[in-house]
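The sequence shown lines up with residues 76 to 237 when you count with UniProt numbering. Here's the structure, in structure tokens; my notes come after.
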Amino acid sequence: MLQQQEVHAAEMERTFIAIKPDGVQRGLIAEIISRFERKGFKLVAIKLIKPSKEFAQKHYHDLKERPFFNGLCDFLSSGPVLAMVWEGEGVVTYGRKLIGATDPQKSEPGTIRGDLAVVVGRNIIHGSDGPETAKDEVNLWFKPEELVSYTSNAEKWIYGVN
Ligand code: IDP
Ligand code: MG
76 MLQQQEVHAA EMERTFIAIK PDGVQRGLIA EIISRFERKG FKLVAIKLIK PSKEFAQKHY
136 HDLKERPFFN GLCDFLSSGP VLAMVWEGEG VVTYGRKLIG ATDPQKSEPG TIRGDLAVVV
196 GRNIIHGSDG PETAKDEVNL WFKPEELVSY TSNAEKWIYG VN
């Protein structure tokens, strides 16, 4: 029989979240991190990097046939990106909800893109779109030793597990 705490640990998911150069340049780092933190998700990795164009092309490889691919990769590699891994129950799906629709014109108010962005080409944040993509993106952006496993004191209050 799994103990309640082991079940809890097994349910933990991780997702890759990045604040793109426009979000960093506009001073929105604290605002965006705060939304994930206040929800109850746990930060397990973070770094500020300027990815190369080749790296950006790898990250967005599934979009390589799209007309905006080249501009998108130029943009991602143009400035600092704040790369993060967040952990929590349902964090992949709910992270996307916090972020809002790809086009900020269609994002609901209350979402990050809905509140803080206006056009699709400058929508300030990236979030993995599913559990498999999340694993691939975490592995692409981070080495295993950059991921920090720890118990947060708040967890028993967030999940109701003793
Ligand atoms: P997502 O970021 O919501 O997952 P994707 O379809 O994966 O959206 O597209 C990746 C990124 O490509 C978007 O966040 C946006 O910055 C950019 N993008 C998507 N569609 C367009 C477009 O029609 N024009 C310009 N840029 C786009
Ligand atoms: Mg996507």
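Heads up, the beta-carbon is just placed ideally off N, CA and C, and yes, glycines get one too.
My output table needs one value for residue i: the three-state DSSP class, helix, strand or coil.
i           : result
residue 205 : coil
residue 229 : coil
residue 217 : coil
residue 91  : strand
residue 104 : helix
Closer than 6 Å to a non-hydrogen atom of the ligand IDP - does that hold for the CB of residue i?
i           : result
residue 147 : yes
residue 91  : no
residue 65  : Past the edges of the chain, shown from 76 to 237, lies residue 65, and the structure says nothing about it.
residue 177 : yes
residue 143 : yes
Run the proximity test for residue i: is its beta-carbon closer than 6 Å to any non-hydrogen atom belonging to the ligand MG?
i           : result
residue 204 : yes
Mind checking whether residue i and residue j have CB atoms under 7 Å apart?
i           : j           : result
residue 239 : residue 117 : Outside the shown range of the chain (76 to 237) lies residue 239, about which nothing can therefore be said.
residue 57  : residue 222 : The requested residue 57 is not part of the displayed model; the chain covers only 76 to 237.
residue 90  : residue 203 : yes
Compute every distance between the C-beta of residue i and the non-hydrogen atoms of the ligand FMN, then say whether any falls below 6 Å.
i           : result
residue 165 : As presented, the structure is devoid of the ligand FMN, carrying the ligand IDP and the ligand MG as its sole ligands.
- Unbroken beta strand (DSSP E) runs of length 3 or more, entirely within the stretch 118-192: which are they? Runs of the beta strand (DSSP E) lying entirely within the stretch 118-192 and spanning at least 3 residues, in chain order: 156-164.
- Message: Would you call the stretch 182-193 in contact with the stretch 151-162, where contact means no fewer than 3 C-beta pairs closer than 8 Å?
- Response: Output reads no: the stretch 151-162 does not touch the stretch 182-193.
- Task: Count the C-beta pairs between the stretch 214-222 and the stretch 165-185 that are closer than 8 Å, then say yes if the count reaches three, no if not.
- Result: With the rule of 3 Cβ pairs closer than 8 Å, the stretch 214-222 does not count as touching the stretch 165-185.
- Query: Should the stretch 94-101 be called in touch with the stretch 193-202, which here means at least 3 C-beta pairs below 8 Å?
  - Reply: A contact is defined here as three or more CB-CB pairs under 8 Å, and the stretch 94-101 meets this definition with respect to the stretch 193-202.
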